[in-house]
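Protein chains in written order, with numbering that gives the first Met the number 0: chain Z, 0 to 290; chain C, 0 to 259; chain L, 0 to 93.
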Amino acid sequence: MEKKESEYWRWKEYAWKAPELNWEDFEIITAGVDIGSVSSQAVIMGDGELYAYANMRTGSDSPESARNAMDWALKDTGMSLDKIRYVVGTGYGRVNVPFANKAITEIACHARGANWMYGPSVRTVLDMGGQDCKAIRCDERGKVTAFLMNDKCAAGTGRGMEVFADLLGVHIQDIGELSFDIDEEPPEVSSTCVVFAKAEASQLLREGWPKNKVIAAYCAAMAHRVFTLIERLGMEKEFAITGGIAKNVGVVKRIERELKIEALKTEKDTQIAGAVGGALFGKTLVEKGKG
Amino acid sequence: MKVAGVDVGAKFVKVILMDDGNVLAKSSKLVGFEQKKSIDDAFQEALGKAGVKEEDIGYITATGSGRTAVHFKTDELTEVTAASKGATMLVPSARTVIDVGAEEGRAMHTDADGKVLDFVINERCAAGAGSFTEAMARALEIEVEEIGPLSLKSTEAVPMNAQCAVFAESEVVTLVHQKTSKENIARAIHDAIASRISSMARRLSIEQDIVLVGGMANNVGFVESLKRELNMDVTIPEDPEYVAALGAARVASARAGGVS
Amino acid sequence: MKANYGYKDGSGEYFITIDTDKCNCCEECVKVCPAGVLEMVANDFDIEADDMPAVTEKERWKIKYTCAPCKPVDKESTPPCMEACKEDAIEHSW
Ligand code: SF4
Ligand code: SF4
């Protein structure tokens, strides 16, 4: 994989193109653009195969973020936007993708994308983003059978984790590992609310708890919270996690522990699941003659 | 008989000493790192003010989220009963008591005697309690005492969408960047929390008079917003933050066999 | 499909569940809701299907509060949206 990266503090933006593929060989080219509250992805697929994509931060202007992500994904392909037969916008800014043919909710796109990413055996998908958390159940074709979103409360989202990283003065990407550098697993932070959990954590630090133990207690609390959401929906194997938190082992391992099952692993980039789903929907729509 | 009511809240410990239904002394202390010490300090201060000795206090009733930590208590009382007993003592016509503290919001439907008929509680989410305003004041970079008066000077109602205190902080920062005046933001903050408190209270059959107690009753901006949201008048008793302690003292008197 | 709209916060779980397999898309729930919590939206999950009811994006974050008047504490009652639904397609988690 040739990944080109530019520097950023929290996480790196990047673009990728399948080195061995050429757009002129494809019959149907479609794209999915996922405008999330924190990051935006543009994915280009040719005949259902991943061709190129970009992952960037979402700026204050959604249409511009959509254009930037798409331009970056196209940059090394030698191809122009008008070669794309169908563009699906998804994510919270889905209606603000100026060049999209259709907007589809991210729940449907995530299920479809996870089905592509992890294979048809995946039945439960947990997507943990910066400002929300979604649990989705789907069938072998990636069609949604039940879903639940949680985007009101910061607890259980990447934002909640950021608040904690700030409080403790550690880098967000180190939290996972640090949370296992402890003598024994501490009890969870008892407050769910990030505001109260923060106060609780400060109190624990004053009582002499080492930082890592506090981190572990918070990761455990977050994992438990997500676990209860999955329980509400009903858990069916196989299980997969997507989104930014999927990269935090401190939370992922603890979720697996509570669910007593391991999440499917993939070499693919979990952050593009939604945009991939959008591109695949685009292909279906073209084939059905609705494009 | 001399009795005491001790209310251990999330932020402050409040103590009321009472004799035959008359308040002898009040005292309040910030809950510091050591809750027990704050409780002792507040109690001793009240004794000092009243000029009475500890052994003269015949009955001590504790209330508030930290009430179990009051090691010298005779017994305990829930916050809901304490607040409505205290509120009806000060405002006998009160039938709906709304109590908003740092970490909890509650509403009670009560009878003339302060007996609770129904109640609802908002807890464990900062969005429905005083902590919300505190976090927002921080985001606005002003003191929490300033935010109430500031909000009275607003010229326009701007909406706030975020429901969570954490997301609302980012929204406040965005509003500041968009050059929304601090006055209008302050009002938006109070409108947001007042709307949550009033919707919660609407689960009760709201009967007048409505009395607002707890620390947030001292915030004039919140009071204005709440009146607007409820579209009804709201009475604020004197020293609203002491009302639960007062209710506890009233119950202590009754339990000790004195005046109820 | 069971669509769960709402949230879990520090204070509890507040979800309105709409079972799209039971729902006949009659729109009654949308009409009776006094607070405008429900609306008919395109069914993105099944492109062939009719519009389906859903909780509006704005209300998804605050149904605990918006729906509060429909849930009086002093008497047993069914909220209007559930009452209106002939197919029993709507459930509330709280
Ligand atoms: S519980 Fe805390 S973190 Fe969650 S919504 Fe309420 S204020 Fe936000
Ligand atoms: S409970 Fe009431 S306000 Fe809530 S959706 Fe149903 S009818 Fe609307």
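Cβ coordinates follow ideal geometry from the N, Cα and C atoms, glycine included.
At a CB-CB cut-off below 9 Å, which residues of chain Z make contact with Ala134/C?
Val194
By Cβ distance below 6 Å, which residues in the same chain neighbour Ala102/Z in space, the five residues on each side in sequence not counted?
Gly88, Arg93 and Val94
Using only the alpha-carbon positions, how far apart do Ser259/C and Leu151/C sit?
Unreliable positioning characterises Ser259/C in this predicted model, as indicated by a pLDDT of 44, which lies under 50. The coordinate reading is nonetheless provided below. If you take the alpha carbons of Ser259/C and Leu151/C, they lie about 39 Å apart.
If you count every other CB in all the chains shown that lies within 10 Å of the CB of Asp303/Z, and 16 or more means buried, which is it?
Because chain Z in this structure spans residues 0 to 290, residue 303/Z falls outside the shown range and cannot be described.
Taking the beta strand (DSSP E) that His91/L belongs to, which residues open and close that run?
Ile89 to His91
Establish whether the CB of Gln177/C and some CB of chain L are separated by less than 8 Å.
Output row for Gln177/C: interface = no.
Determine, for Leu228/Z, whether the minimum Cβ-Cβ distance to residues of chain L falls below 8 Å.
yes
Is Ala3/C closer than 8 Å to Ile38/C when the C-beta atoms are compared?
no
DSSP state of Ala156/C mapped onto helix, strand, coil
DSSP places Ala156/C in coil when its eight states are reduced to three.
Which bits of chain Z does Val32/C rub up against, with CB to CB less than 7 Å?
In the sequence on display, residue 32/C carries Phe and not Val. What Phe32/C touches in chain Z: Arg205.
Find the residues of chain C that neighbour Ser92/L, judging by a C-beta separation of less than 9 Å, and give them in chain order.
Going along chain C, no residue has its Cβ under 9 Å from Ser92/L, so there is no contact; the nearest lies around 16 Å.
Hey, would you say the C-beta of Cys22/L is under 7 Å away from at least one heavy atom of ligand 1?
If you check the C-beta of Cys22/L against ligand 1, you find no heavy atom less than 7 Å away.
Host alpha helix (DSSP H) of Tyr307/Z (start-end):
There is no way to answer for residue 307/Z, as the model of chain Z reaches only from 0 to 290.
According to DSSP, which residues form a beta bridge with Ile34/Z?
Ser39/Z
What's the gap between the Cα of Glu261/Z and the Cα of Lys252/Z?
8 Å
Amino acids of chain C, ordered along the chain, whose beta-carbon sits closer than 7 Å to that of Cys72/L:
Note on identity: in this sequence residue 72/L is Val, with Cys being the wrong assignment. Simply Asp117, Val119, Arg202 and Leu203.
If you compare alpha carbons, which of Gly168/Z, Ala110/Z and Glu184/Z is closest to Pro142/Z?
As written in the sequence, residue 142/Z is Lys, which differs from the Pro given in the question. Of Gly168/Z, Ala110/Z and Glu184/Z, the residue nearest in Cα terms is Ala110/Z.
Go ahead and pull the three-state DSSP assignment for Cys22/L.
coil
For Arg205/Z, count the other beta carbons within 10 Å of its own beta carbon; 16 or more makes it buried, fewer makes it exposed. Which is it?
exposed
Assign Cys69/L to one of three DSSP states: helix, strand, or coil.
Note: Cys69/L maps to helix in three-state DSSP.
Run through the region 198 to 252 of chain C for me and flag every whole alpha helix (DSSP H) of 4 or more residues, listed as ranges in chain order.
219 to 229
Does the Cβ of Gly9/L lie closer than 7 Å to at least one heavy atom of ligand 1?
yes
Ala67/L versus Glu75/L: straight-line alpha-carbon distance, rounded:
13 Å
Going by C-alpha to C-alpha distance, which of Asp60/Z, Lys74/Z, Pro62/Z and Asp150/Z sits closest to Lys57/L?
Asp150/Z
Using a Cβ-Cβ cut-off of 8 Å, state whether Ile103/Z counts as contacting chain L.
Yes, Ile103/Z lies at the interface with chain L (some Cβ there is under 8 Å from its Cβ).
With 16 as the cutoff for other CB atoms within 10 Å, does Lys35/C come out buried or exposed?
exposed
So with Cβ pairs under 8 Å, would you call Gln162/C a contact of chain L?
yes
Starting from Met94/L, find everything on chain Z with Cβ-Cβ shorter than 8 Å and list it in chain order.
Outside the displayed span of chain L (0 to 93) sits residue 94/L, for which this structure offers no information.
What are the boundary residues of the alpha helix (DSSP H) that includes Thr156/Z?
Run containing Thr156/Z: none; DSSP gives neither H nor E here.
For chain B, is any of its Cβ atoms less than 8 Å away from the one on Thr55/L?
In summary, chain B is missing from the structure at hand, where the protein chains are Z, C and L.
For Glu4/Z, decide whether its Cβ has a neighbour in chain L, counting only Cβ atoms nearer than 8 Å.
Residue confidence is low: Glu4/Z scores 41 on pLDDT, short of 50, so the model does not pin down where it sits. No coordinate-derived value is stated.
Neighbouring residues, chain L, relative to Cys152/Z (Cβ below 9 Å):
Tyr6, Lys7, Asp8, Gly9 and Trp60
Ligand 2 and Thr65/L: does the residue's C-beta get closer than 7 Å to at least one heavy atom of that ligand?
yes
Does ligand 2 have even one heavy atom less than 7 Å from the beta-carbon of Ile17/L?
No - ligand 2 has no heavy atom lying nearer than 7 Å to the Cβ of Ile17/L.
Under 7 Å from the C-beta of Glu122/C: neighbouring residues of chain L
For Glu122/C, the C-beta contacts it makes with chain L under 7 Å involve Ser10, in order along the chain.
Alpha carbon to alpha carbon, how far is Asp74/C from Gly127/C? Give it in angstroms, no decimals.
29 Å
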